[in-house]
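Which chain is which? The protein sequence lines are H and A, in order.
Following my numbering, the numbering of the first sequence begins with 19 at its first residue and continues without gaps.
Following my numbering, the numbering of the second sequence begins with 24 at its first residue and continues without gaps.
Note that beta-carbon positions come from the ideal geometry of N, C-alpha and C, so glycine has one too.
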Amino acid sequence: MMGYMRKKLISKIVLTILMVALSITMLIPFAWMLSASFKPENQIFDVPVSWFPKTPIFKNYVAVWNSTVPFYIFFLNSIKVSTLCVIGEVVTSALAAYAFAKIEFRAKEFIFWVYVATLVFPLQMMLIPRFVLFRLTHLYNTHWALILPGMFTAFGTFMLRQFFQTIPDELSQAAKIDGAHHFMIFRKIIIPLALPAFSALIIFQFVTSWNDYVSPLVYLRSESLATIPLGLKFFQDENSVSYGAVMAASVCSLIPIFAVFLAFQRQFVAGIAMSGIKQ
Amino acid sequence: MRLNSAAAVAARKGPRRATHLRRYENLTAFAFLALNFIGYLLFKLIPILLALILSFTKWNFVSGISGVKLIGLENYARLFSDPVFITSFINTIVYAIALVPVSIFLALVLGVVLNEYVFGKGLLRLAFYLPYISSMVAVSIVWMVLFIPAYGPINTFLTNIGISHPPRWLNGSNSSLISIIIVGVWQSLGYNIIIVLAGLQGIDRSLYESAEIDGANVIRKFFSITIPSLSNTMFFLVMISFIRSFQVFTSVQVMTQGGPGNSSSVLVYYIYITAFEQSDIGYASAMSWVLFLLVFIFAIVRNATRSNQN
Chain H
19 MMGYMRKKLI
29 SKIVLTILMV
39 ALSITMLIPF
49 AWMLSASFKP
59 ENQIFDVPVS
69 WFPKTPIFKN
79 YVAVWNSTVP
89 FYIFFLNSIK
99 VSTLCVIGEV
109 VTSALAAYAF
119 AKIEFRAKEF
129 IFWVYVATLV
139 FPLQMMLIPR
149 FVLFRLTHLY
159 NTHWALILPG
169 MFTAFGTFML
179 RQFFQTIPDE
189 LSQAAKIDGA
199 HHFMIFRKII
209 IPLALPAFSA
219 LIIFQFVTSW
229 NDYVSPLVYL
239 RSESLATIPL
249 GLKFFQDENS
259 VSYGAVMAAS
269 VCSLIPIFAV
279 FLAFQRQFVA
289 GIAMSGIKQ
Chain A
24 MRLNSAAAVA
34 ARKGPRRATH
44 LRRYENLTAF
54 AFLALNFIGY
64 LLFKLIPILL
74 ALILSFTKWN
84 FVSGISGVKL
94 IGLENYARLF
104 SDPVFITSFI
114 NTIVYAIALV
124 PVSIFLALVL
134 GVVLNEYVFG
144 KGLLRLAFYL
154 PYISSMVAVS
164 IVWMVLFIPA
174 YGPINTFLTN
184 IGISHPPRWL
194 NGSNSSLISI
204 IIVGVWQSLG
214 YNIIIVLAGL
224 QGIDRSLYES
234 AEIDGANVIR
244 KFFSITIPSL
254 SNTMFFLVMI
264 SFIRSFQVFT
274 SVQVMTQGGP
284 GNSSSVLVYY
294 IYITAFEQSD
304 IGYASAMSWV
314 LFLLVFIFAI
324 VRNATRSNQN
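In structure tokens form, the structure reads like this:
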């Protein structure tokens with residue numbers, strides 16, 4: 019038995035070392051980006067790579083700050099768009115999910131079936147018709163073109179409905195007998211019990227919305243309206259020869275989402291697992 | 024509130040009251056649904072219909088609504104004789120077929136190891152999650168620099184370990200698609216590992232314990248318990264990975280613009296170019312239905328097997 023335990027420990031140590039090596043490999047692109055962002059242009063491609071620049075410079079970050087459209091504008095745009103998308107989605111999805119999970123009504127099965135069926139249509143398919151609609155309604159090149167579609171997703175409805183269904187009906191039945199109507203049950207019973215599902219959905223959708231590139235690329239024209247991914251692309255197009263500055267801009271674009279992820283890692287992972295396993 | 028408490032009592036009182044209650048429930052349900060449904064109608068259902076209609080038209084967006092011409096199935100017929108479309112379609116399939124098995128196999132092995140066989144699980148997992156939560160634009164920009172053939176760090180490294188003619192990566196027409204696949208695998212690993220880990224949580228621990236008593240080693244346990252128990256998870260993962268791979272766009276648009284030539288053009292990228300750079304809305308819409316068909320087939324297979332399991 020002793021031998022078995024020792025063998026187990028040794029293999030665990032070996033595997034840990036192996037995984038550390040692998041995870042470092044995974045992170046090399048980030049390390050390289052970070053290191054290059056603090057180097058003058060003529061040292062970026064030095065061989066061998068000096069991971070820690072001897073005299074780090076901040077010129078690249080200054081360039082990011084002083085670009086045609088300063089980077090903080092992209093941050094503000096992203097914060098505005100992602101926040102409104104998430105708030106809108108959580109509210110509209112939660113209400114609809116409650117109806118699907120807890121109310122008996124006519125054509126419920128059919129309406130729900132239509133919702134689920136259209137989950138199949140990928141975002142990329144919606145680009146052209148939405149572009150046409152936004153041009154016709156003058157929502158093109160406004161933040162509303164990003165916010166409005168993000169506020170109404172079948173995905174959020176579907177995910178919350180699955181969760182609401184796991185809440186026992188006895189709870190709402192008891193409240194009903196005490197005279198509570200649906201909105202009260204929704205507010206006083208369902209929402210508090212579904213907080214984990216809400217936080218998972220919020221974080222998951224926030225990250226998704228924050229990283230969305232193709233929607234702003236298609237629905238926006240003005241650089242001053244760009245969210246971070248599109249803003250970063252604009253910056254790269256304008257500074258393609260200045261690798262240090264482009265790397266600094268990439269670092270700036272990643273820091274906020276890394277921070278959000280580190281703060282809410284558990285919720286984010288739960289959100290993905292929910293989207294995956296329970297579908 | 025009074026109304027409903029009355030209705031709740033009414034349910035026991037007779038058929039007329041029951042109808043009243045049902046109507047009340049219907050109205051409440053529609054009130055709950057209304058907001059979401061309006062948005063859903065405007066931004067999902069109507070666009071889907073519009074995409075269908077547009078695919079039967081010839082329309083250069085610049086000419087305004089009056090320039091819309093119905094041309095029947097012409098756009099669909101054109102697909103078969105368009106070499107760029109065919110290349111993009113094949114590249115999309117190649118991308119998916121190469122990426123999915125590699126990424127899922129790696130995720131399976133790494134997920135099992137990260138689940139219990141290492142110290143510092145949390146920190147190690149983080150390294151695999153970071154690429155996934157990063158925006159594809161940022162990581163594509165970094166990889167572009169890493170891939171620079173003449174003096175980029177990857178080729179410098181390869182030359183140093185004695186490879187005299189390293190690939191030209193994004194700049195070579197034989198290697199551009201592979202380079203994009205490498206970035207795709209690197210980025211998708213995090214998602215796949217999360218799903219594998221979630222699947223592993225669902226496995227009954229006692230299975231492993233009894234196998235250990237029977238003297239099964241790690242490899243044996245992996246193939247006899249882990250793999251069979253994960254089959255549903257893995258199947259889901261394969262389907263969803265194909266569906267996502269068919270939609271690859273950002274890495275191509277940022278790193279290669281489909282080039283050199285059309286060697287790395289993919290379906291969504293060609294749709295994008297056709298619709299928004301060549302303003303050929305009708306033709307691009309027809310192509311988007313090909314994308315839909317690909318996604319649809321895999322979604323159907325996934326759903327069919329899901330209902331079998333229930």
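Proximity winner among the options, relative to residue i (alpha-carbon distances)
| i | options | result |
| --- | --- | --- |
| Lys77(H) | Ser53(H), Glu122(H), Ser233(H), Ala263(H) | Ala263(H) |
| Lys30(H) | Met262(A), Gly143(A), Ile94(A) | Gly143(A) |
| Arg148(H) | Phe245(A), Ile71(A), Ile263(A), Ala57(A) | Ile71(A) |
| Val289(A) | Leu146(A), Phe103(A), Thr42(A), Phe112(A) | Phe112(A) |
| Leu169(A) | Leu193(A), Ile184(A), Phe55(A), Ser187(A) | Leu193(A) |
| Ile216(A) | Leu129(A), Tyr140(A), Ile120(A) | Leu129(A) |
| Met262(A) | Pro124(A), Asp303(A), Glu48(A) | Pro124(A) |
| Ile105(H) | Phe224(H), Pro234(H), Leu250(H), Leu213(H) | Phe224(H) |
| Phe259(A) | Ile88(A), Val132(A), Arg325(A), Asn240(A) | Arg325(A) |
| Trp8(H) | Gly134(A), Tyr292(A), Met167(A) | The question about residue 8(H) has no answer, for chain H in this structure spans 19 to 297. |
Exposure of residue i, with buried meaning 16 or more beta-carbon neighbours within 10 Å
| i | result |
| --- | --- |
| Tyr118(A) | buried |
| Thr175(H) | buried |
| Ile275(H) | buried |
| Met257(A) | buried |
| Thr328(A) | exposed |
| Tyr155(A) | buried |
| Arg24(H) | exposed |
| Val259(H) | exposed |
| Arg148(A) | buried |
| Asp230(H) | buried |
| Pro210(H) | exposed |
Interface flag, residue i vs chain H, CB-CB below 8 Å
| i | result |
| --- | --- |
| Ile218(A) | yes |
| Ile186(A) | no |
| Ser158(A) | yes |
| Pro172(A) | no |
| Val324(A) | no |
| Gln301(A) | no |
| Thr80(A) | no |
| Trp192(A) | no |
| Ser211(A) | no |
| Phe128(A) | no |
| Glu97(A) | no |
| Phe112(A) | no |
| Asn59(A) | yes |
| Val136(A) | yes |
| Gly143(A) | yes |
| Phe244(A) | The residue asked about is misnamed: residue 244(A) is Lys in this sequence, not Phe. Taking Cβ atoms only, chain H never reaches closer than 8 Å to Lys244(A), which makes this a no. |
| Leu147(A) | yes |
| Leu316(A) | no |
| Gly207(A) | no |
| Ile71(A) | yes |
Short CB-CB distance (under 8 Å) between residue i and chain A
| i | result |
| --- | --- |
| Gln183(H) | no |
| Ala193(H) | no |
| Leu200(H) | Note on residue identity: the sequence assigns His, not Leu, to residue 200(H). Yes, His200(H) lies at the interface with chain A (some Cβ there is under 8 Å from its Cβ). |
| Ile295(H) | The predicted model places Ile295(H) with a pLDDT of 48, which falls under 50 and marks its position as unreliable; any figure quoted below should be read in that light. With 8 Å as the cut-off, Ile295(H) counts as an interface residue toward chain A. |
| Ser100(H) | no |
| Phe128(H) | no |
| Ala212(H) | no |
Within 8 Å, strictly: CB atoms of residue i and residue j
| i | j | result |
| --- | --- | --- |
| Thr51(A) | Ile91(H) | no |
| Leu45(H) | Ala298(A) | no |
| Val275(A) | Ser286(A) | no |
| Val219(A) | Ser268(H) | no |
| Ala322(A) | Ile242(A) | no |
| Ser252(A) | Ile226(A) | yes |
| Phe253(H) | Ser85(H) | yes |
| Met292(H) | Ala193(H) | no |
| Phe216(H) | Phe286(H) | no |
| Ile296(A) | Ser311(A) | no |
| Leu272(H) | Ala100(A) | no |
| Val65(H) | Thr179(A) | yes |
| Ser302(A) | Asn83(A) | yes |
| Tyr237(H) | Ala115(H) | no |
| Gly284(A) | Ser196(A) | yes |
Task: the stretch 57–69 of chain A touching the stretch 166–175 of chain H, judged by at least three CB pairs closer than 8 Å - done: yes
Open item on the list: Would you call the stretch 299–308 of chain A in contact with the stretch 68–81 of chain A, where contact means no fewer than 3 C-beta pairs closer than 8 Å?
Closed with: yes
Task: Three or more C-beta pairs below 8 Å linking the stretch 113–133 of chain H and the stretch 176–184 of chain H - done: yes
- [ ] Decide yes or no for the touch test of the stretch 89–101 of chain A against the stretch 136–150 of chain H: beta carbon pairs closer than 8 Å, at least 3 of them.
- [x] no
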